[in-house]
Every structure is written in C-alpha cells, then in structure tokens.
Amino acid sequence: MAIASIGGHWIQLLRITKALDDTFDIVYISTQQHLAGMVPGKTYHTIPDFSRWDAWRMVPAFFRMLRLIIREKPQAIITTGAAPGLIGLLAGWLTRRKTIWVDSLANVEHLSACGRIASWFATEIYTQWEDLASRRVRFAGNTIG
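One rule links them: number in my numbering = place in the sequence shown (from 1) + 1.
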C-alpha cells in the first residue's frame, strides 16, 4: 500500500513505486480523486483531506484509512508523507503491518515534523539526504532523476 498527500509527496511516491510495480500489487491512497488517473489499472482510494489547521478532519480520515487497511490487507505500507501518510502508518502499526516512512526530498536540514513522529513507531525510516542518516534513520538514495 502506498500513501501520500497531493503535490511533491505524491510525485516522490510514484517515483519510488515505479521500481516496485513489477514485483508488487500496489494499492494507492491519497486525498484527491483525480490522482487515480496517474496510476491507471491500479486500485486507488481517497481519504478526507486535512491539515494542522483543520486537524479535526484527521479523525474521519484515520478511520477511513483503518478500514482500507483491514479490507486491502497490505503486507507493507509505504509513504512519503505528509499527514495522510502519517495516519496511514499509525493505522498500519495498529494492524501490525510493516510500515515505511520516506522523508520528503525537501527536508534538507532535518526530518519533517511528521517524519519525527513516524520515527516513534514506523518499522523503517528513510531520509533522502545522507547527512540526516542516523542509527534509526537510513539513507538509501533520493528520488531525483
């Protein structure tokens, strides 16, 4: 299962999943229905959009995400963020799925706020900048190119 919010997070997720597409049957989740056209032939679901300014919307989004994970039964969940990916990993953690956070390419000096939260429970955490790697955060390249 691959989850990302719209914009750069979504584009980075597509670059990562392109390498996985021949090996895995990927289910995509984001907050905008029109993104389904970018993953033709793939299962695509939407969840309600939210941000820190309307955080109350996170509750219905979380329960929608939890239902999707229970229904789709993914082996693993990967996200490039932001908040929708974070709640996806939390729901995945609660259902005992392998969870993978790939911090955004834009976070050059430190992990994103969502990345720092994800580091508390995600199975794997990746940064796209070698200087940000640590004991808990791995560097395995970036999505440029």
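C-beta atoms are modelled at their ideal positions from N, C-alpha and C, and glycine is treated no differently. Here the structure is a predicted model, which is why all the values come from computation and not from measurement.
* Asked: Alpha carbon to alpha carbon, what distance is there between W130 and M66?
  -> 29 Å
* To do: Locate the beta strand (DSSP E) running through K19, then write down its first and last residues.
  => Premise fails: K19 lies in the alpha helix (DSSP H), G9 to K19, not in any beta strand (DSSP E).
* Please list the segments of the alpha helix (DSSP H) lying wholly inside the segment 24-78, counting only runs of 4 or more residues, in order along the chain. => 59-73
* Residue nearest to I118 in terms of C-alpha spacing, selected from E110, V109 and D104 -> D104
* To do: Would you identify the three-state DSSP class for R136, choosing helix, strand or coil?
  => coil
* Residues near I88 by beta carbon distance below 7 Å, same chain, minus five either side -> M59, A62, F63 and M66
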